[in-house]
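Just so you know, the protein sequences line up as chains A and B, in that order.
Position one of the first sequence corresponds to residue 5 (this note's numbering), numbered consecutively onward.
Position one of the second sequence corresponds to residue 2 (this note's numbering), numbered consecutively onward.
Beta carbons: idealized from backbone N, C-alpha and C, even for Gly.
Because the structure is a prediction, the values reported are computed rather than measured.
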Amino acid sequence: MLEIKGLEARVEGTQILRGVDLSVKAGEVHAIMGPNGSGKSTLAHVLAGREEYEVTGGSVTYNGNDLFELAADERACEGLFLAFQYPVAIPGISNAYFLRTALNAVKKYRGEPQVDAVDFLTLVREKMKLVGMDEKFLQRAVNDGFSGGEKKRNEILQMAVLDPKLAILDETDSGLDIDALRIVAEGVNQLRTPERAVVIVTHYQRLLDYIIPDHVHVLSEGRIVRSGGKELAHQLEKEGYAWLETGSATAAGGA
Amino acid sequence: MEELPVTENSAAADRVTAGTAKEGRAAEEVLDLQEVADREYKYGFVTDIEADTIPPGLSEDVVRLISSRKNEPEWLLDYRLRAYKYWLTMTPPEWSFVKYPPIDYKDIIYFSAPKQKKVLESLDEVDPELLETFNKLGIPLNEQKILSGVAVDAVFDSVSVATTFKSKLAEMGIIFGSFSDAVHEHPELVKKYLGSVVPHTDNFFAALNAAVFSDGSFCYIPEGVRCPMELSTYFRINSAGTGQFERTLIVAEKGSYVSYLEGCTAPMRDENQLHAAVVELVAMEDAQIKYSTVQNWYPGDKDGVGGIYNFVTKRGACRGDRSKISWTQVETGSSITWKYPSCILQGDDSVGEFYSVALTNNYQQADTGTKMIHIGKNTKSTIVSKGISAGRGQNTYRGLVDVKKGAEGARNFSQCDSMLLGDRCGAHTFPYIEVKNPTAVVEHEATTSKIGEDQIFYCNQRGISTEDAVSMIVNGFCKQVFRELPMEFAVEAQKLLAVSLEGSVG
Chain A
5 MLEIKGLEAR
15 VEGTQILRGV
25 DLSVKAGEVH
35 AIMGPNGSGK
45 STLAHVLAGR
55 EEYEVTGGSV
65 TYNGNDLFEL
75 AADERACEGL
85 FLAFQYPVAI
95 PGISNAYFLR
105 TALNAVKKYR
115 GEPQVDAVDF
125 LTLVREKMKL
135 VGMDEKFLQR
145 AVNDGFSGGE
155 KKRNEILQMA
165 VLDPKLAILD
175 ETDSGLDIDA
185 LRIVAEGVNQ
195 LRTPERAVVI
205 VTHYQRLLDY
215 IIPDHVHVLS
225 EGRIVRSGGK
235 ELAHQLEKEG
245 YAWLETGSAT
255 AAGGA
Chain B
2 MEELPVTENS
12 AAADRVTAGT
22 AKEGRAAEEV
32 LDLQEVADRE
42 YKYGFVTDIE
52 ADTIPPGLSE
62 DVVRLISSRK
72 NEPEWLLDYR
82 LRAYKYWLTM
92 TPPEWSFVKY
102 PPIDYKDIIY
112 FSAPKQKKVL
122 ESLDEVDPEL
132 LETFNKLGIP
142 LNEQKILSGV
152 AVDAVFDSVS
162 VATTFKSKLA
172 EMGIIFGSFS
182 DAVHEHPELV
192 KKYLGSVVPH
202 TDNFFAALNA
212 AVFSDGSFCY
222 IPEGVRCPME
232 LSTYFRINSA
242 GTGQFERTLI
252 VAEKGSYVSY
262 LEGCTAPMRD
272 ENQLHAAVVE
282 LVAMEDAQIK
292 YSTVQNWYPG
302 DKDGVGGIYN
312 FVTKRGACRG
322 DRSKISWTQV
332 ETGSSITWKY
342 PSCILQGDDS
352 VGEFYSVALT
362 NNYQQADTGT
372 KMIHIGKNTK
382 STIVSKGISA
392 GRGQNTYRGL
402 VDVKKGAEGA
412 RNFSQCDSML
422 LGDRCGAHTF
432 PYIEVKNPTA
442 VVEHEATTSK
452 IGEDQIFYCN
462 QRGISTEDAV
472 SMIVNGFCKQ
482 VFRELPMEFA
492 VEAQKLLAVS
502 LEGSVG
């Protein structure tokens, strides 16, 4: 589904990604871990198409197509979803209106019929149960005055409604207490299907106690230096990221 | 008096064929912004109709000619002449925050009427080409629209050519029709109220209008009558270089109610065109007037060439106790807008409201706002102004809240919000507050915001295109005003914003 080869990118003149290789297949859950500044969020944003991130090398193929040929909104319509670390507030626009506009934009792109207000409400109510959200959220402005936990749950709700093929969760666990973390994780787990791939970007291992990944990768200084199974996450939790500094070359070679 | 020559010209040569893009009824159209992005000003076409036009320039003879062509009574001619003479002593206002080259008033054609071969009794007799134009504009002169309950007084150029529902309204005692007809059929009413809210001495453009006004709408709601439908007028500038000087007068008697809609579109032109209308509203005891405008005159091209100068004086007088006047405007067009729909709150417990969305894109300039004059006791006013600036647009809110000495317990709430798109536009706010009664409560809130790239990216990432995202965010910003509009106008207004903002981002 997703083939990243030698991806290099920079932000405001600073090279962040220095040759990332990653292959994600449908049905898989990948976790990308790494210390702060290793390029995790940059990778997520480059894949989503944020313009401030300049791609300087490498290639990304998504479902057989060159991802960089697509604009950000087209990538979304093609089923690529990014759950933001810092979801943006849009005052004056209700959650319901925003989400229906998004859903209909995606449906229009795919040549599917538009969803009217009634059908939308039925759909969104069902999805809201997944993340334990109260219906009054629908009438509140998008992320406006939301608590950290509410914002993250809202991201998962959007993901559930938009039904993406590839979901990238950028530090979705940050700022969540343990209850909220569990709710978010359950929401994600229910969305695990053989057709959908999930990439979880996280600093800490704790989210991975709830969402068990198939593959874990360690990103350091803009490269994936080590890949392994879920046990790699536990090792990181125990040993921290310090060992990377000394053993990165051999670890990368061994991965 | 010397008879001026009258030229009859067919505007065929001026017909604009290119760049008009898609036609069709706006109301039925599903807005495709991609398509819209390639579109020139949608309503930029000129209809091929024989016009009856006098040569450019203004003199006492021209004023007399206008009056005689309209077969007006002596008192109205006197009124025009008084205004003309006063106008000669005046200079154009220079205090507003707009820039434009001086207007040569000698270059303007002051009268142009579509030639009618005979008196029209039904729509079938209206020039098919004219009807076609109305259809392009989505003006509801057809059965469907009549069923939906809109009576239309279509002002084409300067003279009304068709009025529907007039007889039905007449049964209720409501008078709704062209100003010219009212002059002949109800001279006592026109004489009583004309210039009673906006005197001909009020300002430069109001004086000019009083001297040369061509036609407009007149509406009278008798005591205790609730007008059962929204009354609407569509104005349209057609003949090249013709100044438009509409005059509208609405009188709501004791305990009556009327909702009036005004919307305009104009064809594409390279030269600037002056539009100086005057609207007067009078509300008696317990009467309510709701006046809604969607203004979409040609704004000029993206380089600021052409476009309408919209210099309008609109004012309402709440004469009776507990009367209410509510102005709602959505201003997206014109190269320059100079407009301050105001309320004189004379009656005790009377209420004035002003809800405004003004959008300037490219090189458009708007200096708009309101005046709320509190005279009566416990008078209340609300001002909600939303200014959107994009491109190199300049948007100014200018408002006055004036609480007079006797206005015991007066209250005002003002909210002025500005939104900026890009970094070459400007938003300005000039709120004037004068309070001479210590019991008055006056509140003013103002915000300025910018559509952020992070907001746009967030929308993009959910599949929403940049143009749709901007239009969605802007519509959210304006929601407070849109919900004051009648339903069909609200839909139209949202579309207008989307069209007006095209190309302003990315």
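- Straight-line measurement puts the Cα of B:Phe-98 at about 19 Å from the Cα of B:Asp-304.
- Boundaries of the beta strand (DSSP E) around A:Asp-174: 170-174.
- DSSP places B:Ile-337 in the uninterrupted beta strand (DSSP E) bounded by 337-340.
- Ranked by Cα distance from B:Val-331, the options B:Tyr-292, B:Tyr-106, B:Gly-217 and B:Gly-317 are led by B:Tyr-292.
- The Cβ of A:Ala-145 sits closer than 9 Å to at least one Cβ of chain B.
- One finds nothing in chain B with a Cβ atom closer than 8 Å to the Cβ of A:Asp-148; even the nearest lies about 10 Å away.
- Bridge partners of A:Gln-89 according to DSSP: none are assigned.
- CA-CA distance, B:Gly-58 to B:Asp-108, rounds to 6 Å.
- Against B:Lys-480, the close residues of chain A are Gly-96, in the order they occur along the chain (beta-carbon pairs closer than 8 Å).
- Residue contact with chain B for A:Tyr-245: absent (no Cβ-Cβ distance below 9 Å to any residue of chain B).
- Under the DSSP assignment, A:Val-128 falls in the alpha helix (DSSP H) whose first and last residues are 121-134.
- When C-beta atoms of the stretch 298-316 of chain B are compared with those of the stretch 349-358 of chain B, fewer than three pairs fall below 8 Å, so the two segments do not count as touching.
- Taking one beta carbon from each stretch, the stretch 149-163 of chain A and the stretch 50-69 of chain A have fewer than 3 pairs nearer than 8 Å; the two do not touch.
- Taken in chain order, the whole beta strand (DSSP E) runs of length 3 or more contained in the stretch 366-424 of chain B are 366-375, 381-390, 395-404 and 412-421.
- Listed by position along chain A, the residues whose Cβ is nearer than 7 Å to that of B:Met-473 are Ile-97 and Thr-105.
- Pairing A:Lys-112 with B:Asp-455, the inter-Cα distance amounts to about 24 Å.
- Under a 10 Å Cβ-count criterion, A:Asn-108 is classified as buried, with 16 or more other Cβ atoms of the shown protein chains found around its own Cβ.
- Around the beta carbon of B:Leu-89, fewer than 16 other beta carbons sit within 10 angstroms, so the residue counts as exposed.
- Exclusion of the five residues before and after B:Asn-72 leaves His-185 as the residues of its chain whose Cβ lies within less than 8 Å of its Cβ.
- For the stretch 176-215 of chain A, the full-length beta strand (DSSP E) segments reaching 3 residues or more read 201-206 along the chain.
- For B:Thr-90, the nearest beta carbon of chain A is not closer than 9 Å to its own beta carbon.
- For chain A, the residues of the stretch 434-464 of chain B that bring a beta carbon within less than 7 Å of one of its beta carbons are Asp-455, Gln-456, Phe-458, Tyr-459, Asn-461, Gln-462, Arg-463 and Gly-464, in chain order.
- Using a CB distance cut-off of 9 Å, A:Ala-201 does not count as an interface residue toward chain B.
- At a beta-carbon threshold of 7 Å, none of the residues of chain A lie near B:Gly-423; the nearest stands roughly 16 Å away.
- Annotation for A:Met-137: Arg-157 and Leu-161 place their beta carbon closer than 7 Å to its own, counting only its chain and skipping 5 residues before and after.
- Taking the Cα of A:Cys-81 as reference, the smallest distance to any Cα among A:Pro-168, A:Ala-30 and A:Gln-118 is reached at A:Pro-168.
- Taking 8 Å as the Cβ-Cβ cut-off, the stretch 112-135 of chain A approaches chain B at Tyr-113, given in chain order.
- DSSP lists A:Arg-14 as the beta-bridge partner residues of A:Gln-19.
- For A:Phe-88, the residues of chain B that pass the 8 Å Cβ criterion are Tyr-459 and Gln-462, in the order they occur in the chain.
- By the C-beta density criterion, B:Met-173 is exposed, having fewer than 16 other C-beta atoms within 10 angstroms.
- Judged by DSSP in its simplified three-state form, B:Phe-214 adopts coil rather than helix or strand.
- CA-CA distance, A:Tyr-245 to A:Pro-39, rounds to 6 Å.
- B:Leu-422 is positioned such that its CB atom lies no closer than 9 Å to that of B:Ala-441.
- B:Ala-211 and B:Thr-333 have their alpha carbons spaced roughly 26 Å apart.
- For B:Asn-72, no pairing in a beta bridge is given by DSSP.
- Following the DSSP letters along the chain, one finds A:Gly-152 inside the alpha helix (DSSP H) bounded by residues 152-166.
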